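Heads up: the sequence lines are chains A and B, in that order.
No gaps in the numbering here: position 37 of the first sequence is 37 in our numbering, and each next residue is one more.
No gaps in the numbering here: position 13 of the second sequence is 13 in our numbering, and each next residue is one more.
Down below is the structure, laid out as structure tokens.
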Amino acid sequence: SAVISQKPSRDICQRGTSLTIQCQVDSQVTMMFWYRQQPGQSLTLIATANQGSEATYESGFVIDKFPISRPNLTFSTLTVSNMSPEDSSIYLCSVAGLAVTGELFFGEGSRLTVL
Amino acid sequence: SQQGEEDPQALSIQEGENATMNCSYKTSINNLQWYRQNSGRGLVHLILIRSNEREKHSGRLRVTLDTSKKSSSLLITASRAADTASYFCATDPSNDYKLSFGAGTTVTVRA
């Protein structure tokens with residue numbers, strides 16, 4: 001398993017601003033993902049954070065809105081840009097490849113409220 | 001996109017009772033996983049069942065998988081107040097760790 005730390009754990013943001021969420025893992029991992037969980041909903045995959053190259057985005061998510069960095073194998077950031085109330089969600093960092101089976105390990109999430 | 005559908009959406013039981021929730025999915029799978037989420041926090045992996053397995057146990061958890069019906073169930077026996085959480089099934093349709101999550105079942109265990 002791994003210890004995955006996310007910062008901030010929660011924040012209240014103003015419309016039109018941007019916020020960067022950090023994800024730090026206590027061991028090197030090859031695969032990191034960012035998920036969004038809108039209020040009362042399930043998780044939706046935003047993108048795969050690729051080390052040393054551009055992230056791979058899922059349908060409906062674009063780099064201009066959700067730029068992602070992954071400078072090394074233990075750290076990634078997700079920026080939510082030009083926020084609107086519809087961006088109010090929990091954003092979760094997850095990692096894979098730490099177990100021989102296919103489970104993911106998740107950070108505690110970052111709860112964003114956009115006013 | 002979400003592959004799994006779960007039912008019920010919500011479940012309220014008395015402590016000591018069993019809780020059963022179901023998950024259906026659409027495409028073929030290599031494995032199906034169940035996760036628990038406490039009060040909007042991070043998800044915790046509970047159990048993974050492979051496509052060639054029909055039943056799996058872990059402590060008070062029992063998972064079944066019926067690939068012919070593309071469905072799975074999670075049974076929590078002798079529930080406790082600490083089992084109060086949302087439970088999600090997840091599949092990996094492309095076998096690339098990109099999990100697709102079901103809608104989730106919110107379980108409330110009353111003391």
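For each residue, glycine too, the CB sits at the ideal point set by N, CA and C.
Predicted, not measured: the structure shown is a model, and the values here were computed from it.
Asked, Found
"By the 10 Å Cβ neighbour count, where 16 or more other Cβ atoms means buried, how is Ile-49 (chain B) classified, buried or exposed?", "buried"
"If we count the other Cβ atoms within 10 Å of its Cβ and call it buried at 16 or more, is Ile-63 (chain A) buried or exposed?", "exposed"
"When the Cα of Thr-91 (chain B) is compared with those of B:Glu-5, B:Thr-27 and B:Leu-32, which residue comes out closest?", "B:Leu-32"
"What beta strand (DSSP E) runs, 3 residues minimum, are completely inside the stretch 20-81 of chain A?", "31-37, 43-49, 68-72 and 75-80"
"Mind the definition here: the stretch 67-82 of chain B touches the stretch 90-106 of chain A only if three or more C-beta pairs lie below 8 Å; say whether that holds.", "no"
"Whole-angstrom Cβ separation of Thr-77 (chain A) and Ile-68 (chain A), contact assumed at under 8 Å?", "7 Å"
"Go ahead and pull the three-state DSSP assignment for Asp-7 (chain B).", "strand"
"Can you check whether the C-beta of Asn-30 (chain B) is within less than 9 Å of a C-beta belonging to chain A?", "yes"
"Nearest to Leu-118 (chain B) by CA position, among B:Leu-11, B:Glu-15, B:Ala-111 and B:Thr-20, is which residue?", "Summary: the structure shown does not reach residue 118 (chain B), with chain B confined to residues 1 through 111, and so no result is reported for it."
"For Asp-66 (chain B), report the span of its beta strand (DSSP E) as first-last.", "61-66"
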